[in-house]
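Chains as they are written, first to last, in our numbering: chain A, 222 to 373; chain B, 222 to 373; chain C, 184 to 300; chain D, 184 to 300. All C-beta atoms, glycine included, are put in the ideal place defined by N, C-alpha and C. Right, one structure below, let's go through it.
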Ligand SMILES: Nc1ncnc2c1ncn2[C@@H]1O[C@H](COP(=O)(O)OP(=O)(O)O)[C@@H](O)[C@H]1O
Ligand SMILES: Nc1ncnc2c1ncn2[C@@H]1O[C@H](COP(=O)(O)OP(=O)(O)O)[C@@H](O)[C@H]1O
């Protein structure tokens, strides 16, 4: 897949990071912590940080269980960019991809009967926008954005 | 520079990550947090985690101030690998490099009169081993290893 | 990550820490084992020590609730901080569950007014 | 990150949080400004609220100590937890500084036995 491209109008990029790790369940927490420590630079509220952690947790979990079918052999990449008072987070896997993205994003749709099918709903409620770019055999990229509220 | 190569006898790699970020002072804390969250999987003691954070802080600070001369335009890469009950951390910059590595690693040697010249000493006291690979114009790579004590 | 307490036909599960993919399998197995071993009708989850939960963690909880609900069991919740409450609300769990202020209150309601064991 | 208190010719600097490259310049400027503005002889650093310090943070402290030491000033330390103590010990700061159990003890020792202001 081509690398994540970040642009958000004319806002300058303040900071960014790229984190790669194998598709192990223990790394979901690593991803949450890294994004939270990074976003803390914008002095977000506790709720805003919880939203970011929640969204990252859903996207990385999906990459592990759906993208790579729980195999630890896959690699997951997170890129995060701070633009002014907003953050863009991109979670990418090279896994099996999604046939029908619109259907996958419907509430309570899951390809796994043991799961709730709420992952994308959580991402959408935690973030301002969620874009999914995926195709079978080409992996999945989830790009999420959130603008932080006016500073206290 | 060629990528960090990790090998530690025959111990299998349990987990690893790679983190890239620009040479901004605020990212020293990001690096500490990422390494600590990652190493927490081995259930280290509080002192062991403090040692890792201290060593990473020194290496990343050096990359920013010495490697890139405080310019925010450089990129720093951290790779960490868990082998059994040990961690290897590699901090790499593409900055100006070190002319005489042995001299740079001497206690209280610093090219900056405002600094203490204790960074490499801290790394060596916090970790079991510190290897520096550098040449003028080719950047610097610091590879540090630490074995965790027997589990409680 | 999980401390279980059975009082009569009520199972109280105290969750601890970050309830995500890392602990999901172990949590599922622990709960299933308890449901297999004791004759449990109602399930109560205590979230007081939960610092994070996502849809994977909720899935484990709701999966076990489905099992007891099939036999008329109810789902009780304890110790919801604002962060956890938001996630439970958003996922619809708050609508199907009953929230209690304490273990005793939960036991009294679910054991049908009998004193707690 | 820095709360300053001047009592007579003693400057008490309370440090807060992670004392690293991110805050080094601001800390240096804050301390220099205080040394320029008041007639300070001795410096006391209170580490009670410090969660992390590295050689960059120590460099800022020692640089300011050098300035007062040139005029015969002394360096006092307060609130050392084991983590911070290790770093101060290793860097040799403990050897040149005096550790005190409280602000009052520091002020009494450094102000030459006079009551604290
Ligand atoms: N990274 C991914 N790779 C492949 N398929 C995915 C990925 N993310 C989501 N999906 C598909 O989209 C569906 C809906 O995802 P989601 O809303 O997170 O619910 P859940 O994870 O509970 O199934 C999944 O069941 C899966 O089929
Ligand atoms: N990443 C680096 N790039 C270039 N030079 C470096 C790097 N790391 C260390 N050095 C050189 O080695 C010297 C000693 O480093 P160190 O022991 O950390 O002390 P200090 O950072 O206080 O100068 C530095 O002053 C610098 O000249």
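State the Cα-Cα distance for the pair residue 353(B) and residue 346(B), rounded to the nearest angstrom.
-> Here residue 353(B) refers to the residue found at position 132 when the second chain is read from its first residue. Here residue 346(B) refers to the residue found at position 125 when the second chain is read from its first residue. Each residue's Cα considered, the two are about 15 Å apart.
Once you ignore the five residues that flank residue 262(C) on each side, which residues in its own chain have a CB closer than 7 Å to its CB?
-> The count along the third chain starts at 1 and reaches residue 262(C) at position 79. Non-local beta-carbon contacts of residue 262(C) in its own chain, meaning distances under 7 Å to residues more than five positions away in sequence, involve 229, 230, 231 in chain order.
Taking C-alpha atoms, which residue in 262(B), 287(B), 323(B) lies nearest to residue 245(B)?
-> The sequence position of residue 245(B) within the second chain is 24, counting from 1. The option with the nearest alpha carbon to residue 245(B) is 287(B).
Contact belief for residue 240(B) with residue 238(A) at Cβ below 8 Å, rounded distance in angstroms | On the second chain, residue 240(B) is found 19 positions in, with the first residue counted as 1. On the first chain, residue 238(A) is found 17 positions in, with the first residue counted as 1. Cβ atoms of residue 240(B) and residue 238(A) come within 8 Å of each other, at about 6 Å.
Give the C-beta separation of residue 241(C) and residue 337(A) to the nearest angstrom, bearing in mind that I take them to be a contact with Cβ-Cβ under 8 Å.
-> Along the third chain, read from residue 1 onward, the residue named residue 241(C) stands at position 58. Along the first chain, read from residue 1 onward, the residue named residue 337(A) stands at position 116. Contact check for residue 241(C) and residue 337(A): beta-carbon distance about 6 Å, within the 8 Å limit, so the pair qualifies.
Assign residue 297(D) to one of three DSSP states: helix, strand, or coil.
-> Counting from 1 along the fourth chain, the entry for residue 297(D) is found at position 114. Residue placement at residue 297(D) is poorly supported in this model, since its pLDDT is 42, which falls under 50; the coordinates still yield a value, given next. Three-state DSSP puts residue 297(D) in coil, outside helix and strand.
Straight-line CA distance for residue 314(B) to residue 289(B)?
-> One-based indexing of the second chain puts residue 314(B) at position 93. One-based indexing of the second chain puts residue 289(B) at position 68. Annotation: residue 314(B) to residue 289(B) spans about 8 Å, alpha carbon to alpha carbon.
In three-state terms, what does DSSP make of residue 223(D)?
-> One-based indexing of the fourth chain puts residue 223(D) at position 40. DSSP places residue 223(D) in coil when its eight states are reduced to three.
Exposed or buried, what is residue 399(A) when buried is set at 16 or more other beta-carbons lying within 10 Å of its beta-carbon?
-> In the structure as shown, chain A begins at 222 and stops at 373. Residue 399(A) is therefore absent and cannot be evaluated.
Residue 333(A): CB within 7 Å of a non-hydrogen atom of ligand 1 = Locating residue 333(A) in the first chain gives position 112, where the first residue counts as 1. Yes, since a heavy atom of ligand 1 falls inside the 7 Å radius drawn around the Cβ of residue 333(A).
The alpha helix (DSSP H) enclosing residue 291(B), as first and last residue numbers = Indexing the second chain from 1 puts residue 291(B) at position 70. Following the DSSP letters along the chain, one finds residue 291(B) in no alpha helix (DSSP H), marked with neither H nor E.
Within-8 Å CB hit, residue 364(B) to chain A = Position 143 of the second chain holds residue 364(B). Proximity of residue 364(B) to chain A, defined by a Cβ-Cβ separation below 8 Å, is not satisfied.
Should residue 256(A) go down as buried or exposed, given a rule of 16 or more other Cβ atoms within 10 Å for buried?
-> Locating residue 256(A) in the first chain gives position 35, counting from the first residue. With 16 or more other Cβ atoms within 10 Å, it is buried.
In the DSSP assignment, what are the bridge partners of residue 187(D)?
-> The count along the fourth chain starts at 1 and reaches residue 187(D) at position 4. Paired residue(s): 196(D).
Chain C residues whose Cβ lies nearer than 7 Å to that of residue 327(A) = Sequence index remark: in the first chain, residue 327(A) carries index 106 (1-based). Correct list: empty, because the minimum Cβ distance to chain C is about 14 Å.
Runs of alpha helix (DSSP H) lying entirely within the region 303–339 of chain B, each at least 4 residues, in chain order | Runs found: 322–325.
Taking the Cβ atom as the reference point for each residue, do residue 296(A) and residue 243(A) lie within a distance shorter than 8 Å?
-> Indexing the first chain from 1 puts residue 296(A) at position 75. Indexing the first chain from 1 puts residue 243(A) at position 22. The criterion of a C-beta distance shorter than 8 Å is satisfied by residue 296(A) and residue 243(A).
By the criterion of Cβ-Cβ separation under 8 Å, what are the contact partners of residue 247(A) in chain B?
-> Taking the first residue of the first chain as position 1, residue 247(A) is located at position 26. Near residue 247(A) (Cβ distances below 8 Å), the residues of chain B are 236, 262.
Local conformation of residue 278(A) per DSSP, three classes | By one-based count along the first chain, residue 278(A) stands at place 57. In the structure shown, residue 278(A) sits in a helix (DSSP, three-state: H, G or I).
Quick one: what does DSSP say residue 242(A) is sitting in, helix, strand or coil?
-> Walking along the first chain from the start, residue 242(A) turns up at place 21. Assigned with DSSP and collapsed to three states, residue 242(A) falls in strand.
Note down the Cα distance separating residue 233(A) from residue 367(A), rounded to an integer number of angstroms.
-> Within the first chain, residue 233(A) is the residue found at index 12, counting from 1. Within the first chain, residue 367(A) is the residue found at index 146, counting from 1. Roughly 16 Å between the two C-alpha positions.
Consider the C-beta atom of residue 212(A) and the heavy atoms of ligand 1; say whether any pair is separated by less than 7 Å.
-> In this structure chain A extends from 222 to 373, so residue 212(A) is not present and cannot be described.
Buried or exposed (CB count within 10 angstroms, at least 16 for buried), residue 196(D) | Taking the first residue of the fourth chain as 1, we reach residue 196(D) at position 13. By the neighbour-count rule (16 or more Cβ atoms within 10 Å), residue 196(D) is buried.
Just tell me which of 210(C), 233(C), 294(C) has its CA closest to the CA of residue 256(C).
-> For the purposes of this step, residue 256(C) is taken as residue 73 along the third chain, with counting starting at 1. Closest option to residue 256(C), Cα to Cα, is 294(C).
Closer than 7 Å: is that where the CB of residue 337(A) sits relative to any heavy atom of ligand 1?
-> Residue numbering aside, residue 337(A) sits at position 116 when the first chain is read from its first letter. Residue 337(A): yes, Cβ under 7 Å from ligand 1.
Listed in chain order, which residues of the region 237–252 of chain C have Cβ atoms closer than 8 Å to some Cβ of chain A?
-> Taking 8 Å as the Cβ-Cβ cut-off against chain A, the residues of the region 237–252 of chain C that qualify are 237, 238, 239, 241, 242, 245, 246.
Between residue 226(D) and chain B, is there a C-beta pair that is closer than 8 Å?
-> Working through the fourth chain from its first residue, we reach residue 226(D) at position 43. Not a single CB atom of chain B sits nearer than 8 Å to the CB of residue 226(D).
Which residues, in chain order, does the region 195–206 of chain C contribute to contact with chain A at a C-beta distance below 8 Å?
-> With the criterion set as a beta carbon lying under 8 Å from some beta carbon of chain A, the members of the region 195–206 of chain C are 201, 203, 204, 205, in sequence order.
Please name the residue, chosen from 239(D), 248(D), 192(D), 221(D), that lies closest to residue 201(D) on a Cα-to-Cα basis.
-> Position 18 of the fourth chain holds residue 201(D). With distances taken between Cα atoms, residue 201(D) lies closest to 239(D).
Simplified DSSP state of residue 278(D), which is helix, strand or coil = Locating residue 278(D) in the fourth chain gives position 95, counting from the first residue. In the three-state reduction of the DSSP assignment, residue 278(D) falls in the helix class.
Under a three-way DSSP split, which group does residue 252(D) fall into?
-> Taking the first residue of the fourth chain as 1, we reach residue 252(D) at position 69. Residue 252(D) falls in the helix class under three-state DSSP.
Please look up how many angstroms separate the CB atoms of residue 224(C) and residue 252(C), rounded, as I've assumed it's under 8 Å.
-> Working through the third chain from its first residue, we reach residue 224(C) at position 41. Working through the third chain from its first residue, we reach residue 252(C) at position 69. Residue 224(C) to residue 252(C), Cβ: 10 Å. No contact.
Mind checking if residue 277(B) is an interface residue toward chain A, Cβ cutoff 8 Å exclusive?
-> Locating residue 277(B) in the second chain gives position 56, counting from the first residue. With 8 Å as the cut-off, residue 277(B) does not count as an interface residue toward chain A.
So what does DSSP say about residue 259(C), is it helix, strand or coil?
-> Here residue 259(C) refers to the residue found at position 76 when the third chain is read from its first residue. Of the three classes helix, strand and coil, the one that applies to residue 259(C) here is strand, per DSSP.
Any heavy atom of ligand 1 closer than 7 Å to the Cβ of residue 341(A)?
-> Stepping through the first chain from its first residue, residue 341(A) is reached at position 120. The answer is yes for residue 341(A).
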